[in-house]
Structure formats: structure tokens, C-alpha cells
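Respectively, the protein sequence lines represent chains A and B. Anchor point for the first sequence: position 54 equals 54 in the working numbering, and the numbering is continuous, going up by one each time. Anchor point for the second sequence: position 321 equals 1321 in the working numbering, and the numbering is continuous, going up by one each time. By construction, the Cβ of each residue, glycine as well, lies at the ideal position given by its N, Cα and C atoms. The model shown is predicted, which means the values in this text are computed figures rather than measured ones. See below for the structure under consideration.
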Amino acid sequence: MAISRSDVAKVASLARLELSNVELDTMTRDLQGIVGFISSLDELDTSGVEPLAHPLGTQNVFREDIPTDSLSLSEALQSAPRHDGKYFLVPAVLGETGSA
Amino acid sequence: MHPGDMSACEIAGAVARGDISAFECTQAALSRIDRLNGSINAFLHIDAEGAIASARSIDSRRARGESLGPLAGVPIAIKDVLCTRNVPTTCASKMLKDFRPPYDAFVVERLRTSDAVIVGKTNMDEFAMGGSNENSAFGPVRNPWDLSRAPGGSSGGSAACVAAGMSPIALGSDTGGSIRQPAGLCGITGLKPTYGRVSRRGLIAFASSLDQVGPMARSAADCALVLETIAGHDPSDSTSLKADVPPYSRLLEESLAGVRIGRVAAHFTEGLNPEVARAVDEAFAVFRAAGATIHDIEMPHARWGVPTYYLVAPCEASSNLARYDGVHFGHRTDTAQILASHAADRTQKNNIDSDQADSTLVEMYRKSRAEGFGSEVKRRIMLGTYALSAGYYDAYYLKALKVRRLIRQDYLNAFEKVDLIGGPVSATAAFPLGEKTGDPLSMYLVDLYTVTANLAGVGGISFPCGLSASGLPLGFQLQSPALAEPLLLRAADRFQRITDWHQRRPHLEGTLQQP
């Protein structure tokens, strides 16, 4: 399953990363090498083995549904690149019909 | 003794007794940081004002007879991956260059309550991704033992800070070895607690099922003192464990008689530097002389540890780093340029295919992230995104999680026969800066001995066990079952009562020479 340059371009789009043509080439080479290395996992027979996501198997940690303190509005906005005191501001999506 | 050369335990005792002031200890640390940071680059931010203010407050409260916290007056450095309220927290990334968090991490809150004096934020590999501290956007950290060499990573700044005596203790974080490996390369002691032992609230996330915060110091005894301050359940971190926190610093006395330590023959392959191998086996002999028994054990799936880690961690990272989009905080690209070029496109081409072109918002995301992230971070995000994408998820991510279970099972099987597992922490001593930066895979292999502990969620500590012929520190690692930190710390502490490797110091201008 060798990664192609066009695969990498698609992944870059999914990852919301802009890569130049040169970067796309380097990234393709790097990822091919890494994925090749990682494919050594195929040497292992894992049939019947359950995946392990949480190392100690903790699950379903809940708390009571009681509201508690949270950040104030000004604290929440203090690091925003642009805000109007109430909302985070981003460039408007102007008259576009499809999503990218 | 110069306060800059006292241990955290010694400073805490002396301040509590009134033999030395918090101000004096803080001044000593700040002055050493000021003298040495230019050549080592361990610190990204030095908070002299905040530190002096804390110190003065501690001294006034002591003078008024008020009780002080257990770390009162002890200077501590914090890896820049941990949120410190209104103090720059950058993760050594351009993405967070100007970020000042609106809250303290749980461990930072605990340190403040304990009256530790936070002197600054340490340099690291960007977003904790790296094994040499060469991935920092603000320059590499240099190993105090040899300034042409790497300190290890990603907690390279914290390791170098402690090794150079800039502060007696520091906090690091460990996802695949990032506390233990730099501790090994810098001749200090570093502990990765059991997963969930220390809250991750305010730890800027890299891989949520692997990350842990831990202490770095010149002794296991100091690590114990810090761990009992920062450990414990946090209702805001659903992965934090409810288990009680033992008084680690008071559990170091018991002898090691009858403790069974495992030795894995497969660790000693041709890839392991012979000087390291010899020092590690000499350390086993020390443990034997101290009453422990050494047993051959196998960890049959250990050799798939690095490939498993370099799938699981980047996958989790691709999810955790999705929040850096230039919207709420962090770097945002210059949107005026994007808007101008979109407007130009629209007037020139009536039929722009809006399915092909990114919207302005998406372009903002893509450019902000491209400008904010360094190349290793991008590489891992790309790898993770690819491995999680439709058609590849089963073959890569799910497969890795199955191997993860096999690796964890190896530990469970081993711990039926032994109480601890001993061995190398790094295949080599500190390597030259630039040696591994050309080949990502060669850098990934520095994590060979450390990643499996994170995958299995078990505890691990590394400490010095020798010096190479050229005077570089050599490290030993002990790993324990989950929540066996008392045994881990006790074993390392016992080693440090018998040997003096942990007391060796690099020859730096202005610091204490070897005792």
C-alpha cells in the first residue's frame, strides 16, 4: 500500500494543512518511509485480539449533571486573534455554494 | 552549601527551619539561570518578577508564623507544555508563540499551593514531538555535559535545567519517553508515573492515552517529594485515577531484600552501545548486592513497540492538534491576503469551481496551520490523519491498538514473575546535535526502550548509572506495574544511597564542580 503524491495531497486537505509542491514531495517521501517501517506490524497475527485504547481499561467516568464555574467571557476571548467582545470573529464565508 | 546545589528536600527543610530564606534560594536559581541560559537555551521564559514575588510572600508568611506548603522556597521549572495562567505557554511552537493561558494546569495549581517557586518555562521539542529538543521553534537545547550534543527530548529544557543546577527540580511530560530519555542523556532522575496517576488538565495534549506529567530532579528522593505534591484524582480529568496518593517521600527506607528485578536479554542487541550495556549490567549487580534477585524475562512484543507507538501517537495527535485552526487562540494567518485573492478570483473567473477551491475559512485554517507548525509536527499530523482515514483505519490504527494489547499483556505476564523490570533507557549516550535530524526514522528509534511503558500505562523511572569514557552520562531504567511508584522510587533511591553517579555534575563555568 504505497502512498502516492495525490494521496498525500488529499490527506493534507483533510488535515487542513497547506503544503507547497516541494513540501508535498518531501512529505510523500517521508511518509512512504515511515509507513514502510510501521508495516512491520503486519508480521504479527492479531486475530482474536481486542484493540486497547485506554491502557488501564478505565471506562464511563461520569459526574453529576450540575453546572459549575467556567471561564468568564472575557477570559475565553482574551487569546482570540479577532473578537468583538461577544464572539470570535472569522472571515465571512461569502456566497459560496459548495463546501471545500 | 550554595543554595543552587542543594536538593529540593534540603531546601524545603532549610526554609521550613528558617536556616535560609525563599528569597535567597530563588535569587540563587535566577542568577544561575541568567548566567547559563544563553549557552544552554533551557528556558523559553524566565519569570523573575513572579518568582521573587512568590519568594517574598513565602518569607513574610513564615515571619508571621503562618504554615507553609511542603515545597516552600524550592525553585521549580515547568516544561512549556503545561498551562501557567497569564504566563507565556508556547509548546516551543510558533503556533502558540504569544499564547498566555487563562488558567493554570492542575499540577501548576498544586505546586503553587505547595509554595514551590516557579522560575520559568522550559524549552522542549515542539508539541512534545521529538527525542532531542531540536524540534523547538526557538532553538535547540544544548546538553550541559557537552554543549555540542543534544539533551534528549522532548523534555530537553527541563532535563538540561536540572543537570546544570539552574533549579533543583522541574516538571516534564512523557508520551513515549520524553522524561526518561532526556533524564538519561543529562545524568538526572526522571519519573513517568502510571497513566492517570497525575492529572492531565492543563497539559497541552499530544497523545491523550499516552501523556503523563512527571518530576525531574537530581535524585529519586526529590522526585518522590514532587510526585506526592502533583499526584491525585482530578474530577476534571476523566482519565485520572481515584487511587489514594501514598506519602512517597516517606516510603523510601525499606530494604530491597527479596525484590525481584527482571532483565530482558533482547534489550542487549548489537544496537546497544557497549559502554551502556556494561553500565547497565553493573547497575544490576548493585541491585543484586542490595538484596534484590535478578531474573531473565522476555517481552516478546517489545520490538514492535516503536512502530506501534508511531501509529497510535500520531493518530491521537492528529485529533488533538485539530484545535489549532487560528479561530479561538494561537496563530492566525494574515486573512487580508486571502480575502483579497479570493475577491480577485471572483472578479476574474466567473466559473470558479467552488467544490475544488477552499473557502476563505478553510484556507485560513490551512495557512494558519502551515505557518504555525514545524515540520515534525506536520509529519505526525499527516501520518495520523492518513492512518485514521477511511479505508486505512482498520489496517493501521486498529491494528496498532491490537498490538498495544499484546505489549500490555507482556508486562502483565512479566509482573507475575518479577516486581520491577530493569534495563537501558537509551541505546547510546547523548548524540551530537544534527546527527539524527536528517532522518525522521533514526530519531524515532531513540525511543526504543521507553515507548512500551506508555503503551501499557505502567510506571518508569530513569537515573544515572555511569559515565562513558568521554564523560557523558549513562542511564538505567526501572519499570513497574501500575501504581507501584513507591517500589520504583524506593529502588532508585536505594541505588542512589549505594552509588554516587547522581551526584556527578557537568563542568560548567560558574556551577559546582564534582564533589
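Where residue i sits in the DSSP three-state scheme
i	result
Gly1013/B	helix
Phe1495/B	helix
Gly1475/B	strand
Ser1354/B	Bear in mind that the predicted position of Ser1354/B carries a pLDDT of just 43, short of 50, making it too unreliable to give a figure here.
Met983/B	Since the first residue of chain B shown is 1001 and the last is 1515, residue 983/B is not available in this structure.
Pro1088/B	coil
Ile66/A	coil
His1295/B	strand
Ile1230/B	helix
Asp42/A	helix
Val1446/B	helix
Pro1481/B	coil
Val1198/B	strand
Arg1064/B	coil
Met27/A	helix
Arg1263/B	strand
Val1245/B	coil
Asn1143/B	strand
Gly1172/B	strand
Lys1192/B	strand
Asp1385/B	According to the sequence as given, residue 1385/B is Thr; it is not Asp. It is helical.
Identity of the residue in the options nearest residue i by Cα
i	options	result
Arg1017/B	Gly1202/B, Leu1096/B, Ile1033/B, Arg1062/B	Arg1062/B
Glu43/A	Pro1486/B, Asp1244/B, Val1403/B, Ile1338/B	Val1403/B
Ala1243/B	Pro1140/B, Glu1253/B, Glu1275/B, Glu1228/B	Glu1228/B
Val1081/B	Gln1027/B, Gly1157/B, Ala1491/B, Thr1026/B	Gly1157/B
Ala1116/B	Thr1090/B, Arg1100/B, Ile1169/B	Ile1169/B
Met1095/B	Gln59/A, Pro91/A, Pro81/A	Pro81/A
Asp1047/B	Arg1380/B, Ala1492/B, Ile1078/B, Arg1263/B	Ile1078/B
Ser1054/B	Leu1068/B, His1045/B, Asn1041/B	Leu1068/B
Ser1060/B	Leu1272/B, Val1015/B, Asp1493/B	Val1015/B
Ile1076/B	Val1141/B, Gly1139/B, Leu1171/B, Asn1135/B	Leu1171/B
Glu1134/B	Ser1462/B, Ile1040/B, Pro1481/B, Ser1208/B	Ile1040/B
Leu1474/B	Ser1442/B, Arg1250/B, Gly1423/B, Leu1241/B	Gly1423/B
Residue j beta carbon less than 9 Å from that of residue i
i	j	result
Ala971/B	Pro1151/B	With chain B represented from 1001 up to 1515, any question about residue 971/B goes unanswered, as that position is not in the structure.
Val1451/B	Tyr1248/B	no
Ser1154/B	Gly1190/B	no
Met1382/B	Ala12/A	yes
Phe1023/B	Gly1120/B	no
Asn1454/B	Asp1174/B	yes
Glu75/A	Tyr1411/B	no
Ala1317/B	Val1245/B	no
Val1306/B	Pro55/A	no
Short CB-CB distance (under 9 Å) between residue i and chain B
i	result
Arg16/A	yes
Ser13/A	yes
Pro91/A	yes
Ser99/A	Any answer about Ser99/A is weak, because its pLDDT of 42 lies below 50 and its placement is not dependable; what the coordinates show is given next. With 9 Å as the cut-off, Ser99/A counts as an interface residue toward chain B.
Gly85/A	no
Arg5/A	no
Asp25/A	no
Leu19/A	yes
Val22/A	no
Within-9 Å CB hit, residue i to chain A
i	result
Asn1350/B	With a pLDDT of only 47 at Asn1350/B, under 50, the local geometry of the prediction cannot be trusted, and no value is derived from it.
Pro1246/B	no
Asn1123/B	no
Ile1338/B	yes
Thr1194/B	yes
Met1216/B	no
Ala1207/B	no
Pro1088/B	no
Asp1080/B	no
Met1364/B	yes
Thr1084/B	no
Thr1269/B	no
Ala1322/B	yes
Val1458/B	yes
Lys1367/B	yes
Gln1514/B	Only weak support is given to the placement of Gln1514/B: the predicted model assigns it a pLDDT of 33, under 50, and the value that follows is read from those uncertain coordinates. Judged by the 9 Å Cβ criterion, Gln1514/B is not in contact with chain A.
Leu1185/B	no
Note down, in chain order, all residues in the stretch 1046-1072 of chain B with a beta-carbon under 9 Å from any beta-carbon belonging to chain A. none
Select from the stretch 66-80 of chain A all residues with a C-beta closer than 8 Å to any C-beta belonging to chain B, and list them in chain order. Leu71, Glu75, Ala76, Gln78, Ser79, Ala80
Of the residues that make up the stretch 36-69 of chain A, which ones have a beta carbon closer than 7 Å to any beta carbon in chain B? Phe37, Ile38, Ser40, Leu41, Leu44, Thr46, Val49, Glu50, Pro51, Leu52, Ala53, His54, Pro55, Leu56, Thr58, Val61, Arg63
In the stretch 1160-1178 of chain B, which residues sit with their C-beta less than 8 Å from some C-beta in chain A, listed in chain order? none
Residues from the stretch 1426-1456 of chain B in contact with chain A, defined by Cβ distance under 9 Å: Asp1439, Pro1440, Leu1441, Tyr1444, Asn1454, Leu1455, Ala1456
Residues of the stretch 1369-1381 of chain B with Cβ closer than 7 Å to any Cβ of chain A, in chain order: Arg1369, Ala1370, Lys1378, Arg1379, Ile1381
What residues in the stretch 1398-1418 of chain B bring their beta carbon closer than 7 Å to a beta carbon of chain A? Leu1398, Lys1399, Ala1400, Leu1401, Lys1402, Val1403, Arg1404, Arg1405, Leu1406, Arg1408
Chain-ordered residues of the stretch 1479-1493 of chain B with a beta carbon less than 8 Å from chain A: Ala1482
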